[in-house]
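Asks:
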Amino acid sequence: PSEWMATHNYDHLLTAAGREAKAGFDPVSHPILDCVPRGMPERMLPSSMEFVDEGKRVIMRHFWWGGDRIIHLDSDEASAGTPHSHLGYSVGYWENEDTLVVRTTHVNYPYFERNGTPQTDQVEFLERFTLSANKARLGYKLTATDPVMYAEPIVVYAEFTWVPGAVIETSNCELWNRSGD
Numbered sequence: 047p048s049e050w051m052a053t054h055n056y057d058h059l060l061t062a063a064g065r066e067a068k069a070g071f072d073p074v075s076h077p078i079l080d081c082v083p084r085g086m087p088e089r090m091l092p093s094s095m096e097f098v099d100e101g102k103r104v105i106m107r108h109f110w111w112g113g114d115r116i117i118h119l120d121s122d123e124a125s126a127g128t129p130h131s132h133l134g135y136s137v138g139y140w141e142n143e144d145t146l147v148v149r150t151t152h153v154n155y156p157y158f159e160r161n162g163t164p165q166t167d168q169v170e171f172l173e174r175f176t177l178s179a180n181k182a183r184l185g186y187k188l189t190a191t192d193p194v195m196y197a198e199p200i201v202v203y204a205e206f207t208w209v210p211g212a213v214i215e216t217s218n219c220e221l222w223n224r225s226g227d
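If you want it as structure tokens, here you go:
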């Protein structure tokens, strides 16, 4: 999964506006170079993560700096006036004992992935996290829709392997010296 986004080209799924926005992408202008936290969905992979079930919400802790992701299990959608953020607002439900379904809206992060595939604040993500029968693997499916940038949904699949005893420690960010000094 570490190459899930870097090796995929989604250009054929972009609208004319999406192709134009991507053509103007300059990798040196990527927000992470200024220690802006990775947003959705770029934050999801490659990343070690931990799920903490708190009953009415699930907390996702990530390796990347920028705060935990909260999945609300006690509502169906964001309330009026919910602010946009780099991780958006996520609501979810358990489809059965082993699948968590999550819908995320209110994202204000400019890129779908680090190669500059654009997204607007109208982007919406539907994610499915499915635990394998032996509880050792977590299947992941992400479907992204954006009426401005995507002519059709972008669908990504990945799989994570459970590492017993692993501890999620958040990384730190060091500003990149663009001048090379």
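The sequence shown: position 109 = 155 (my numbering), numbered continuously.
Each residue gets a CB set at the ideal place from its N, CA and C atoms; glycine is no exception.
1) Can you tell me whether Glu220 is helix, strand or coil according to DSSP?
2) Going by other Cβ atoms of all chains shown within 10 Å of its Cβ, with 16 needed for buried, is His108 buried or exposed?
3) Under a three-way DSSP split, which group does His130 fall into?
4) In or out: Pro87 buried (at least 16 other Cβ within 10 Å) or exposed?
5) Check Glu228 in the structure and name its three-state DSSP category.
6) Take Gly85 as the anchor and find which of Phe71, Asn154 and Asn142 has the nearest alpha-carbon.
7) Starting from the Cα of Val213, find the closest Cα among Tyr157, Leu60, Ser94 and Arg149 and give me that residue.
8) Find out if the Cβ-Cβ distance for the pair Asp120, Lys102 is shorter than 8 Å.
9) Leaving out the 5 sequence neighbours to the left and right, which residues in its chain are closer than 7 Å to Lys68 when beta-carbon positions are compared?
10) Under the rule that 16 or more other beta-carbon atoms within 10 Å means buried, what is Glu159, buried or exposed?
11) Go ahead and pull the three-state DSSP assignment for Ser136.
12) DSSP three-state label for Gly185, please.
13) Is the beta carbon of His152 less than 8 Å from the beta carbon of His118?
14) Going by DSSP, what residues sit across from Tyr203 in a beta bridge?
Replies: Checking against the coordinates, here is how it stands:
1) coil
2) buried
3) coil
4) buried
5) A query on residue 228 cannot be resolved here, the shown segment of the chain reaching from 47 to 227 and no further.
6) Asn154
7) Ser94
8) yes
9) Asp57, Leu60, Gly162, Thr163 and Pro164
10) buried
11) strand
12) strand
13) no
14) Lys187
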